[in-house]
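K.L.:
Numbering (the working numbering), first residue to last: 1377 to 1678. Can you read through this structure? Questions will come right after.
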């Protein structure tokens, strides 16, 4: 079958082409019943309709594209790096699709950022994952659209940051261990502010700290700690840490929203709110001009 058009959807839905256009392009102010909207959306999905994003852009409308850029240090090779944001990307893509947006995902090299791929497309908004400050300003100076930062502290109130509440997570972890932890293991973040937060906590408590670049480092760090209690940040890092440490002595801070991959009896701290849902709501509110800026523009997930 060739490309499905709005005319095809209109004929099958028994409505006008204009009505289909209003619904699929989310045009406000039209008196269209919820029943009709649901029917047209269902039929368009069943028929496999793909919006012509280029035509929408040329017509001066929103492109319907939101870019997600994951800053990666390609010099680091470990078995957990590629999984840290998998669930977030899958979930937010499904959410944004429901609102008529598509996701353009790409990885950005920490040491040699190339943005040609994303620059070729008009984006309505950009979400940055684990970005360091210098690369952030290189990116934000290019895109004149709403930019949302995930897992990154940045001293700039113009941009919205979503951060997990690690202070609450650390307090709860101590309760779950029923004692002061003796060490903390985390993946290596590109964001200096987040790394500083974790380092400050470890220093305050007199704990050993590892920002794990590789499984080999994890093995070396674990020697002599078979009876020690500690905190591991990230579920995938925790799975590997449990190979070399006593799992009963570990609390995992579930930073990537995948607590289900851990054993049922594992001690874990799970954040109440889903990062992808919060991020989708925020980026859409910025794109549609509904967000009212206040304070330093941080959202902490409890």
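Glycine residues also receive a C-beta, built at the ideal position from the N, C-alpha and C atoms.
Could you check the C-alpha separation between residue 1511 and residue 1548 for me, to the nearest Å?
P.N.:
Using only the alpha carbons, I get a separation of about 33 Å.
K.L.:
On the DSSP letters alone, give me the boundaries of the alpha helix (DSSP H) that residue 1513 sits inside.
P.N.:
Taken as a continuous stretch (DSSP letters only), the alpha helix (DSSP H) holding residue 1513 covers 1509-1516.
K.L.:
What's the C-alpha gap between residue 1418 and residue 1665?
P.N.:
About 28 Å.
K.L.:
Under the rule that 16 or more other beta-carbon atoms within 10 Å means buried, what is residue 1595, buried or exposed?
P.N.:
Exposed, since its Cβ has fewer than 16 Cβ neighbours within 10 Å.
K.L.:
What does a CB cutoff of less than 8 Å around residue 1678 pick up in its chain, not counting 5 residues either side in sequence?
P.N.:
Closer than 8 Å at Cβ, skipping near neighbours: 1541, 1544, 1647, 1648 and 1649.
K.L.:
For residue 1599, tell me which candidate among 1586, 1439 and 1463 has the shortest Cα-Cα distance.
P.N.:
The shortest C-alpha separation from residue 1599 is found at 1586.
K.L.:
Under the rule that 16 or more other beta-carbon atoms within 10 Å means buried, what is residue 1462, buried or exposed?
P.N.:
Burial call: exposed.
K.L.:
Could you tell me the alpha carbon to alpha carbon distance between residue 1478 and residue 1659, rounded to whole angstroms?
P.N.:
Near 13 Å, if we compare the C-alpha coordinates of residue 1659 and residue 1478.
K.L.:
Between which residues of its own chain and residue 1483 is the CB-CB distance below 7 Å, once the five residues before and five after are set aside?
P.N.:
So the list reads 1446 and 1448, once near-sequence residues are dropped.
K.L.:
Just verifying my parser: in three-state terms, what is the DSSP assignment at residue 1606?
P.N.:
Looking at residue 1606 - three-state DSSP - the assignment turns out to be strand.
K.L.:
According to DSSP, residue 1588 sits in a beta bridge with which residue or residues?
P.N.:
For residue 1588, which the question treats as bridged, DSSP gives the partners 1563.
K.L.:
How about residue 1643 and residue 1621: are their beta carbons less than 8 Å apart?
P.N.:
Contact flag unset, no.
K.L.:
Does the beta-carbon distance from residue 1503 to residue 1534 come in below 8 Å?
P.N.:
Going by C-beta atoms, residue 1503 is not nearer than 8 Å to residue 1534.
K.L.:
Whole angstroms is fine: what's the gap from residue 1380's alpha carbon to residue 1521's?
P.N.:
Computed Cα separation, rounded: 30 Å.
K.L.:
Would you kindly work out how many angstroms separate the C-alpha atoms of residue 1407 and residue 1416, rounded to a whole number?
P.N.:
Each residue's Cα considered, the two are about 14 Å apart.
K.L.:
Following the continuous alpha helix (DSSP H) through residue 1410, name the residue where it begins and the one where it ends.
P.N.:
Per DSSP, residue 1410 belongs to the alpha helix (DSSP H) from 1410-1423.
K.L.:
Tell me the rounded alpha-carbon separation between residue 1630 and residue 1412.
P.N.:
Between residue 1630 and residue 1412, the C-alpha separation is close to 41 Å.
K.L.:
Quick one: is residue 1468 buried, meaning 16 or more other Cβ sit within 10 Å of its Cβ, or exposed?
P.N.:
Label assigned to residue 1468: buried.
K.L.:
By the three-class DSSP mapping on this structure, what secondary structure does residue 1632 have?
P.N.:
Note: residue 1632 maps to coil in three-state DSSP.
K.L.:
Whole angstroms is fine: what's the gap from residue 1639's alpha carbon to residue 1623's?
P.N.:
Between residue 1639 and residue 1623, the C-alpha separation is close to 10 Å.
K.L.:
Taking the CB atoms as reference points, tell me whether residue 1568 and residue 1509 lie closer together than 8 Å.
P.N.:
It is a contact, given that the beta carbons lie within the stated cut-off.
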